[in-house]
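In my numbering, the protein residues as written are 70 to 454. A short write-up of the structure that comes next.
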Amino acid sequence: MQIKTFRAKTMQQALNLVRRELGPEATVLHTRELNSGLISRYLKGREYEIAASTEVRVPARLPQAVTYEASPSSLPTPAFETDYRSKYRDDFQERSFQQPNEGLEELHSLAERLRYRASARPPSQVPDAIFQVYTDMIESDVEESIAQELMKHLQSETGINTHSSDALQTELARMLQNELTVTGPINVEAGQGRVVALVGPTGVGKTTTIAKLAANFRLRENRRVGLITVDTYRIAAVEQLRTYAEIIDLPMEVVSTPREMRDAIARMRDFDLVLMDTAGRSPRDEVKIQELKSMLAEAEPAEIHLVLSAVGGAKSLKTTAERFAAVGTTSLLITKLDEATCLGNLLSVTRSSGLPISYLTDGQNVPDDIQVAKEDALASLILAH
Ligand SMILES: Nc1nc2c(ncn2[C@@H]2O[C@H](COP(=O)(O)OP(=O)(O)O)[C@@H](O)[C@H]2O)c(=O)[nH]1
Ligand SMILES: [Mg+2]
Numbered sequence: 070m071q072i073k074t075f076r077a078k079t080m081q082q083a084l085n086l087v088r089r090e091l092g093p094e095a096t097v098l099h100t101r102e103l104n105s106g107l108i109s110r111y112l113k114g115r116e117y118e119i120a121a122s123t124e125v126r127v128p129a130r131l132p133q134a135v136t137y138e139a140s141p142s143s144l145p146t147p148a149f150e151t152d153y154r155s156k157y158r159d160d161f162q163e164r165s166f167q168q169p170n171e172g173l174e175e176l177h178s179l180a181e182r183l184r185y186r187a188s189a190r191p192p193s194q195v196p197d198a199i200f201q202v203y204t205d206m207i208e209s210d211v212e213e214s215i216a217q218e219l220m221k222h223l224q225s226e227t228g229i230n231t232h233s234s235d236a237l238q239t240e241l242a243r244m245l246q247n248e249l250t251v252t253g254p255i256n257v258e259a260g261q262g263r264v265v266a267l268v269g270p271t272g273v274g275k276t277t278t279i280a281k282l283a284a285n286f287r288l289r290e291n292r293r294v295g296l297i298t299v300d301t302y303r304i305a306a307v308e309q310l311r312t313y314a315e316i317i318d319l320p321m322e323v324v325s326t327p328r329e330m331r332d333a334i335a336r337m338r339d340f341d342l343v344l345m346d347t348a349g350r351s352p353r354d355e356v357k358i359q360e361l362k363s364m365l366a367e368a369e370p371a372e373i374h375l376v377l378s379a380v381g382g383a384k385s386l387k388t389t390a391e392r393f394a395a396v397g398t399t400s401l402l403i404t405k406l407d408e409a410t411c412l413g414n415l416l417s418v419t420r421s422s423g424l425p426i427s428y429l430t431d432g433q434n435v436p437d438d439i440q441v442a443k444e445d446a447l448a449s450l451i452l453a454h
């Protein structure tokens, strides 16, 4: 089955490309606005993508939970544009509702800033421009000890006479880019049965992220993807993944013992990618972490991504990463960037865990709101305030 994707700056242009290349009979499988999160739009600008094929018929039964539209007949009707317009309106309204809160946050951070200016000024004479950078970091939730270390480094790199805060910002961004490591996208190869597990506390977005990854690898890269869920405690959670599995049309196995895990893995051995969802574990529950560890040992995943919400504070992110290290985590996958007001906390957990970052998610939309983590974008996000 051949699926083609088309990208353009507007939906209309993308549709014209589909029409020109595949003709009026093409089926639109899904549309998405790339960079739909505020953060990625800020970084990359708007772009639209349409996946279409002349060989597929998609069932019209798409539940609301999934936001990519599919047209069972042929090319889009004006309904498409209406949908998009209402989406913008929702976005807009959401933003307006948030404003009172943002005002408060601004006041709060102004107070913080003044407090730091007043009390935390290091005794040695620090040039104003560097001190400004320091307070900006504190404002972005960078831990004080890390901010101080970066500032010292910055001072020695740039020389004490630097007064240009632009030059300092650039240098700081460069330092952060050097320190942050990323994994790049999951390396999927035909028939290799690469097993990738997502672990982490409850509610951080593991199941949703599995659905995003599965949909992208299946629909956009046409990969053979299988799902295994170890989420046996909350039946609702199994059903959540099953719904996605049905929509994307993927095999899914539910396993509750190491033996079942072994069998499920064996059945999916010749798939391209096996994504494994796991039950949320409280990082405080040592027994559950050990259980998870023995289940994963049967599956021998090539990658174990620890899913963390960007909303978490530095301390809790670090503790969670420490506890989950026991199961053999290989990377951090950061969710809910759209809900975080600042991301300096990420530096604490990347430093303490020494793990690279794999993906970032910035919304609830499957399969749109996910991107491969890049050092430069991460550095800008951490320094944004
Ligand atoms: N705002 C926001 N919500 C998210 C994101 N990822 C997941 N969620 C939501 O977080 C909630 C919990 O997600 P779920 O996948 O069930 O978490 P799990 O318990 O770790 O499997 C759901 O309401 C998701 O829609 C994200 O990147 N941004
Ligand atoms: Mg879940």
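Where a beta carbon is used, it is the ideal one built from N, C-alpha and C, also for glycine.
* Are V435 and E408 close, meaning C-beta to C-beta below 7 Å? -> no
* Asked: What are the start and end residues of each continuous beta strand (DSSP E) run of 3 or more residues lying completely inside the region 376-417, in chain order?
  -> 400-404
* Asked: What span of residues does the alpha helix (DSSP H) with L267 cover, start to end?
  -> Taken as a continuous stretch (DSSP letters only), L267 belongs to no alpha helix (DSSP H), being part of the beta strand (DSSP E) at 263-268.
* Asked: Between which two residues does the beta strand (DSSP E) carrying A446 extend?
  -> Per DSSP, A446 belongs to no beta strand (DSSP E); it is in the alpha helix (DSSP H), 444-452.
* Asked: What's the C-alpha gap between E369 and T399?
  -> 12 Å
* Looking only at its own chain, which residues have a Cβ that is under 6 Å from the Cβ of E322, when we skip the five neighbours before and after it? -> I297, A333
* To do: May I ask you to check if the CB of A306 is nearer than 6 Å to at least one heavy atom of ligand 2?
  => yes
* So does T276 have its beta carbon nearer than 6 Å to some heavy atom of ligand 2? -> yes
* Sub-7 Å separation of E212 and A383 beta-carbons -> yes
* So what does R76 bridge to, in DSSP terms? -> E118
* Asked: CB of Y117 to nearest heavy atom of ligand 3: below 6 Å?
  -> Of the ligands one can find in the structure shown, namely ligand 1 and ligand 2, none is ligand 3.
* Local conformation of R338 per DSSP, three classes -> coil
* Cβ atoms of A442 and L429: under 7 Å apart, would you say? -> yes
* Asked: Can you find at least 3 beta carbon pairs, one from the region 412-419 and one from the region 276-286, that sit closer than 8 Å?
  -> no
* To do: Using the Cα positions of A448 and E94, report the straight-line distance between them to the nearest angstrom.
  => 45 Å
* **Straight-line Cα distance separating V257 from A121** => 22 Å
* Asked: So does T404 have its beta carbon nearer than 6 Å to some heavy atom of ligand 1?
  -> yes
* Helix, strand or coil for D431 per DSSP? -> coil
* Put D438 into one of helix, strand or coil per three-state DSSP. => coil
* **Completely contained alpha helix (DSSP H) runs for the region 233-285, where each covers 4 or more residues** => 234-248, 275-284
* Can E102 be considered in contact with ligand 1, in the sense that its beta carbon sits closer than 6 Å to one or more heavy atoms? -> no
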